[in-house]
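I have placed the structure first, in the form of structure tokens, so that the comments after it can refer back to it.
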Amino acid sequence: MDLRALLSIPYLLEAEAVETEPGKWLVRLAYPELPGCTAEGGVVEDVLKDLERQRIEMIVRLVEAGRLPPIPRQPLASSDPLWTARDLGLSDRVTALLDARTTQHRT
Numbered sequence: 890m891d892l893r894a895l896l897s898i899p900y901l902l903e904a905e906a907v908e909t910e911p912g913k914w915l916v917r918l919a920y921p922e923l924p925g926c927t928a929e930g931g932v933v934e935d936v937l938k939d940l941e942r943q944r945i946e947m948i949v950r951l952v953e954a955g956r957l958p959p960i961p962r963q964p965l966a967s968s969d970p971l972w973t974a975r976d977l978g979l980s981d982r983v984t985a986l987l988d989a990r991t992t993q994h995r996t
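Quick note: to get the numbering used here, add 889 to the position in the sequence shown (first position is 1).
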């Protein structure tokens, strides 16, 4: 399975709102199938972007180390991990890896 497919795997998302003190709430999000992939903060959209950034970076690190991430289900055909990586402002390295693999598949 190539990097694009691995980044298109849908993982279960756990979400929790926690009152840290009266009237103050914190959002906690996690991909429990990816150990350690968690994020928290006050704005759900920001927390979700942070979590997605972590998911992509974790999968790329595993692939670069010659290991596979957990594969609990098949990749989504409609997913565009290159768009997601760029939208999240991920490093040029991640985007370049995805671009290179896309170019290789076209030739």
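Positions of the beta carbon are idealized from the N, C-alpha and C atoms, including for glycine.
Same chain, Cβ closer than 6 angstroms to Asp-939, neighbours up to 5 away in sequence not counted: Around Asp-939, the same chain offers Ala-928 as residues with beta carbons nearer than 6 angstroms, after the five sequence neighbours per side are excluded.
Leu-971, enclosing beta strand (DSSP E) - first and last residue: No beta strand (DSSP E) contains Leu-971, which is instead part of the alpha helix (DSSP H) from 970-976.
Pair within 8 angstroms by beta-carbon distance, Leu-895 and Leu-986: No, the Cβ-Cβ distance between Leu-895 and Leu-986 is not below 8 angstroms.
Spatial distance of Pro-964 from Val-916 (CA atoms): Between the C-alpha atoms of Pro-964 and Val-916 there is a straight-line separation of about 27 angstroms.
Three-state class that DSSP yields for Arg-942 in the structure shown: Correct three-state label for Arg-942: helix.
Ile-948 burial status per 10 Å Cβ neighbour count (16 or more: buried): Buried, by the Cβ-count rule.
Between the CA atoms of Ala-974 and Arg-942 - distance to the nearest angstrom: Going from the Cα of Arg-942 to the Cα of Ala-974 covers about 8 angstroms.
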